[in-house]
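Working notes, structure below.
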Amino acid sequence: MKGEIQPIIELKVLCKDSEPFSFDIDNKDEELLIDLENPDICEKIEQLQKNYVLIT
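The sequence shown lines up with residues 1 to 56 when you count with the UniProt record's numbering.
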């Protein structure tokens with residue numbers, strides 16, 4: 001979807017995630033470490049949720 005990748009890129013930068021984009025959700029061995037106490041990250045997650053709701 002055009003224009004929707006930028007918020008994901010910004011969130012990856014905030015999380016210092018240098019891994020390539022992956023939409024494979026079958027890997028359950030990795031533990032997701034996101035600092036939900038960080039207001040910048042929380043704001044980006046909320047923005048992504050709103051965008052997702054608008055798309056669907």
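Beta carbons are placed, not taken as given, at the ideal position from N, Cα and C, and that holds for glycine.
Note that the coordinates shown come from a computational prediction; the quantities given were computed from them, not determined experimentally.
What three-state label does DSSP hand Glu-7 in the structure shown?
-> The displayed chain sequence assigns Pro, not Glu, to residue 7. Reduced to three states, the DSSP call for Pro-7 is helix.
Distance between Leu-36 and Leu-48 (C-alpha atoms, nearest Å) | 14 Å
Could you check what DSSP says for Ile-34 in three-state terms: helix, strand or coil?
-> coil
Of the residues Ile-8, Cys-42 and Cys-15, the one placed nearest Phe-21, counting alpha carbons only = Ile-8
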